[in-house]
Amino acid sequence: MNLLLQPDTVERVVDTVTTGEAVAFWILGPLALAGALGMLFARNAVHSALWLVLTMLSLGVLYMVQQAPFLGFVQIIVYTGAIMMLFLFVLMLVGRDSSDSVVEVLRGQRLAAAVLGIGFAGLVVGSLARALTDVDAIGLAQQNTQNGGNVANIGEALFTDFLFPFELTSALLITAAVGAMVLAFTSRTKEKKTQKELVEERFRGDRVGSLPGPGVFATANSVATPALLPDGSVAKESLSELIETTAKERLEDDVAEVTGTAHQPDAHALKGDHS
Amino acid sequence: MTPTYYLLLSALLFSLGAVGVLVRRNAIVVFMCIELMLNAVNLSLVTFARINGGLGGQVMAFFVMVVAAAEVVVGLTIIMAIFKTRRSASVDDSNLLKY
Chain G
0 MNLLLQPDTV
10 ERVVDTVTTG
20 EAVAFWILGP
30 LALAGALGML
40 FARNAVHSAL
50 WLVLTMLSLG
60 VLYMVQQAPF
70 LGFVQIIVYT
80 GAIMMLFLFV
90 LMLVGRDSSD
100 SVVEVLRGQR
110 LAAAVLGIGF
120 AGLVVGSLAR
130 ALTDVDAIGL
140 AQQNTQNGGN
150 VANIGEALFT
160 DFLFPFELTS
170 ALLITAAVGA
180 MVLAFTSRTK
190 EKKTQKELVE
200 ERFRGDRVGS
210 LPGPGVFATA
220 NSVATPALLP
230 DGSVAKESLS
240 ELIETTAKER
250 LEDDVAEVTG
260 TAHQPDAHAL
270 KGDHS
Chain S
0 MTPTYYLLLS
10 ALLFSLGAVG
20 VLVRRNAIVV
30 FMCIELMLNA
40 VNLSLVTFAR
50 INGGLGGQVM
60 AFFVMVVAAA
70 EVVVGLTIIM
80 AIFKTRRSAS
90 VDDSNLLKY
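Top to bottom, those sequences are chains G and S.
FYI, the numbering for the first sequence is 0 to 274, going by numbering that gives the first Met the number 0.
FYI, the numbering for the second sequence is 0 to 98, going by numbering that gives the first Met the number 0.
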């Protein structure tokens with residue numbers, strides 16, 4: 000189709016940038032840059048994602064300004080609506096680890112990266128500015144008005160000139176979906192025990208009844224307070240294993256207090272007649 | 000003002016994304032920087048379509064978006080799988096092959 004691929008047949012209409020477009024660019028361009036910088040410097044990964052959403056929204060509007068309304072809406076719906084929300088979902092799942100480490104593993108890496116980035120930007124910006132400033136844009140006014148407009152023309156191109164790549168993307172999407180399912184799938188390593196098996200295990204074990212709950216016959220119902228047996232001794236089974244191993248020293252006073260072996264205040268301390 | 004300014008903006012966004020890939024340590028943020036680079040390229044494709052007066056650039060940008068969507072799905076799943084086994088999403092922690 001000549002409309003698409005042979006712009007030479009179109010008579011050369013020079014597409015000038017209107018004042019309104021310039022205003023939109025000078026508002027949205029800095030916003031997009033600010034979003035990119037914010038994403039780069041935000042310590043929190045969720046903040047990074049939100050800054051990137053700002054950049055993508057600005058770019059979407061810039062597409063619409065640049066006579067690409069279909070791509071603009073796809074950008075907003077697919078990129079900011081679907082992809083960035085997917086990022087946020089994953090961030091919420093991996094949330095514990097979402098902040099970045101400040102430690103620099105390779106010495107001088109940040110400085111080198113900054114120099115490289117500035118150098119690359121300088122090279123590309125410089126060459127673009129020198130090479131393309133006096134290039135006249137032809138513009139898409141013709142494509143966006145004939146044959147049902149921008150969307151219809153892109154659809155026609157997809158199903159005629161780009162039919163094979165378009166079919167390839169369907170294969171790619173199916174592969175990606177299957178791959179995501181395979182990677183995300185986790186099978187249960189141990190079979191889940193049935194109720195019958197649980198009961199049998201319990202009756203084969205050394206204790207049929209339930210363990211004494213913490214705080215039974217005790218002065219407090221804290222997990223740290225051991226249960227007391229009828230003869231006043233501490234029921235070992237009621238002590239949490241975790242607390243036993245981690246904070247034994249700290250619990251000693253409580254245990255002593257409950258069992259009555261603690262140091263008692265001496266009522267006759269001031270009378271001087273120690274017996 | 001000419002459409003070249005869009006290309007300059009695109010170049011700046013691309014460089015910021017590249018620096019982000021090099022600097023950030025969180026795998027998900029690295030991934031977002033890659034997305035930023037893809038977006039920058041898309042902006043330049045749209046601008047070239049306009050300069051050239053044909054819709055080819057826009058169709059190409061559309062394909063880039065499709066590929067980016069597939070890439071995000073697979074990449075995020077890989078990050079999730081690594082996080083499940085190593086409890087970390089930092090690119091510094093995936094160094095088993097180093098030794």
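Note that beta-carbon positions come from the ideal geometry of N, C-alpha and C, so glycine has one too.
Residue i versus residue j - alpha carbon distance
{"i": "residue 170/G", "j": "residue 162/G", "result": "13 Å"}
{"i": "residue 230/G", "j": "residue 240/G", "result": "23 Å"}
{"i": "residue 0/G", "j": "residue 15/G", "result": "Bear in mind that the predicted position of residue 0/G carries a pLDDT of just 46, short of 50, making it too unreliable to give a figure here."}
{"i": "residue 9/G", "j": "residue 136/G", "result": "Note that residue 9/G has pLDDT 49, beneath the 50 cutoff, so the model's placement of it is unreliable and no number is given."}
{"i": "residue 124/G", "j": "residue 133/G", "result": "15 Å"}
{"i": "residue 198/G", "j": "residue 235/G", "result": "23 Å"}
{"i": "residue 84/S", "j": "residue 44/G", "result": "21 Å"}
{"i": "residue 69/S", "j": "residue 79/G", "result": "15 Å"}
{"i": "residue 131/G", "j": "residue 5/S", "result": "11 Å"}
{"i": "residue 60/G", "j": "residue 149/G", "result": "16 Å"}
{"i": "residue 167/G", "j": "residue 62/S", "result": "10 Å"}
{"i": "residue 252/G", "j": "residue 86/G", "result": "50 Å"}
{"i": "residue 238/G", "j": "residue 103/G", "result": "45 Å"}
{"i": "residue 71/G", "j": "residue 58/G", "result": "8 Å"}
{"i": "residue 88/G", "j": "residue 8/S", "result": "29 Å"}
{"i": "residue 93/G", "j": "residue 86/S", "result": "9 Å"}
{"i": "residue 129/G", "j": "residue 3/S", "result": "10 Å"}
Chain-order list of residues whose beta-carbon lies under 6 Å from that of residue i (same chain, five-residue window excluded)
{"i": "residue 26/S", "result": "78, 88, 90"}
{"i": "residue 165/G", "result": "157"}
{"i": "residue 60/S", "result": "41, 44, 45"}
{"i": "residue 13/S", "result": "36, 39"}
Under 7 Å by beta carbon: chain S residues contacting residue i
{"i": "residue 109/G", "result": "22"}
{"i": "residue 164/G", "result": "62"}
{"i": "residue 156/G", "result": "54, 58"}
{"i": "residue 152/G", "result": "54"}
{"i": "residue 175/G", "result": "69, 72, 73"}
{"i": "residue 70/G", "result": "45, 57, 60, 61"}
Under 8 Å by beta carbon: chain G residues contacting residue i
{"i": "residue 4/S", "result": "24, 28"}
{"i": "residue 65/S", "result": "168, 171, 172"}
Cut-off 8 Å between Cβ atoms - residues of its own chain near residue i, not counting five sequence neighbours on either side
{"i": "residue 19/S", "result": "28, 29, 31, 32, 35"}
{"i": "residue 232/G", "result": "258"}
{"i": "residue 57/S", "result": "44, 45, 48"}
Per-residue contacts from residue i into chain G (C-beta, under 7 Å)
{"i": "residue 42/S", "result": "58, 61"}
Under 8 Å by beta carbon: chain S residues contacting residue i
{"i": "residue 13/G", "result": "Within 8 Å Cβ-Cβ: nothing; residue 13/G doesn't reach chain S, min ~10 Å."}
{"i": "residue 228/G", "result": "The premise fails here: residue 228/G is roughly 42 Å from chain S at the closest Cβ pair, so nothing lies under 8 Å."}
Nonlocal neighbours in the same chain, by C-beta distance under 7 Å from residue i, ignoring five residues either side
{"i": "residue 274/G", "result": "Interpretation of residue 274/G is limited by its pLDDT of 48, a score under 50 that renders its predicted location unreliable; no figure is taken from the coordinates."}
{"i": "residue 255/G", "result": "261"}
Contact set between residue i and chain S, taken where Cβ atoms lie within less than 9 Å
{"i": "residue 16/G", "result": "0, 1, 2, 4"}
Contact the region 21-41 of chain G vs the region 151-167 of chain G: 3+ CB pairs below 8 Å: Three or more Cβ pairs closer than 8 Å define a contact, and the region 21-41 of chain G falls short of that threshold against the region 151-167 of chain G.
Near-chain S residues of the region 37-62 of chain G - C-beta to any C-beta below 7 Å: So the close ones are 38, 39, 44, 47, 48, 51, 54, 55, 58, 61, 62.
Across the region 14-33 of chain G and the region 56-75 of chain G, are there enough close Cβ pairs to call them in contact, namely three or more that are closer than 8 Å? Segments in contact, yes.
Quick one: which residues of the region 119-133 of chain G get their C-beta closer than 7 Å to a C-beta of chain S? List them in chain order. For the region 119-133 of chain G, the beta-carbon criterion of a distance under 7 Å to any beta-carbon of chain S is satisfied by 119, 120, 123, 124, 127, 128, 131, 132.
With a cut-off of 8 Å, do at least 3 Cβ pairs link the region 37-44 of chain S to the region 129-142 of chain G? The region 37-44 of chain S makes no contact with the region 129-142 of chain G: fewer than 3 CB pairs, one atom from each, lie closer than 8 Å.
Given a limit of 9 Å on CB to CB distance, which residues of the region 73-93 of chain G reach chain S? Those would be 73, 74, 77, 78, 81, 82, 83, 85, 86, 88, 89, 90, 92, 93, in chain order.
If contact means a Cβ-Cβ distance below 8 Å, which residues of the region 83-96 of chain S contact chain G? Across the region 83-96 of chain S, CB contacts with chain G closer than 8 Å involve 83, 86, 87, 88, 89, 91, in sequence order along the chain.
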